[in-house]
Amino acid sequence: MEADEQLETLIARLTEVFGLPVTEPVTVLGTEMDRFQVTPGRLDDAARRAFSEGQCHALAQAVSEVTGWPMAALIDADCADLYDKCGLDGLGADGVCICQINHLVAVRPEDGALIDIDGAHHPDMLREEMGSDLVPLTEELWEAITRCAAFRVPDMPVARTLVEPLLDSLPPIAGTRTGGASLALVA
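Mapping of the sequence shown onto full-length UniProt numbering: residues 1 to 187, in sequence order.
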């Protein structure tokens, strides 16, 4: 375990000093041991799959770092009570069990739009599509996510390279300001 942490620290430092390649893909780990070849800074199908199938938390965090926008989690109403993913081992926060989390997004305060690798979404439409509730992502819940073995270590270096092209691709969304839970996230 300590050797893994040392290796991750070394890789992070090397990435900070030398950066990521801009013309060659790098491997991004997704859920279920999936591996995606993602070219840093390029919003393509590989990036969309990687950052919707295991690295959505990294992208939400990267967007939040750059913009200051809050993050939110789309959660199932009920705990799945699965031993390997459940908060029974203390990996839950704010009344949310870790296994309830479906997807993480950034919330654009101007209109309440939910931002992920696929762009800007109306809060009600995305909640309905995923069959999920929307809750603010607190520091405690983020800590639970980063401690949980069911979530991949967030690939922040690659996620950060996607923020600018993602933000540049976002059209303003008319009429996304809605009442209820979505506005509570941006207030």
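Every residue, glycine too, gets a C-beta built ideally from N, C-alpha and C. In this text the structure is predicted, and so the values were computed from the model without any measurement.
The C-beta separation of C56 from I98 comes to about 14 Å, leaving the pair out of contact by the 8 Å criterion. Here the region 134-148 lies against the region 59-72, with 3 or more beta-carbon pairs under 8 Å apart. Contact check between the region 151-163 and the region 28-46: three or more CB pairs, one atom from each, fall below 8 Å, which counts as touching. Counting of Cβ neighbours within 10 angstroms places D78 among the exposed residues, the total staying below 16. Rounded to whole angstroms, the separation of the alpha carbons of A50 and M33 is 11 Å. DSSP places P136 inside the beta strand (DSSP E), whose first and last residues are 133-136. The DSSP-derived three-state label of C99 is helix. Bridge pairing for D116: G119 [DSSP]. According to DSSP, residue pairing for T27 in a beta bridge involves Q37. Residue environment analysis places Q100 among the buried positions, since at least 16 neighbouring C-beta atoms fall within 10 angstroms of its C-beta. About 4 Å separates the beta carbons of L104 and A60, which is inside the 8 Å limit, making them a contact pair.
Look at V158 here: in three-state DSSP terms it is helix. Looking at the DSSP output, A93 bridges to V96. By the Cβ-count criterion, P171 is exposed, with fewer than 16 other Cβ atoms from all chains shown falling within 10 Å of its own Cβ. The beta carbon of N102 is closer than 7 Å to those of L74, I75, D76, M130, S132 in its chain, skipping five residues each way along the sequence. Around the CB of G112, 16 or more other CB atoms lie within 10 Å, so the residue is classed as buried. Taking each of D94, A62, R42 in turn and checking the Cα distance to A144, the smallest one comes out for D94.
As a beta-bridge residue in DSSP terms, A72 pairs with V105, P136. Less than 8 Å separates the beta-carbon of A159 from that of A62.
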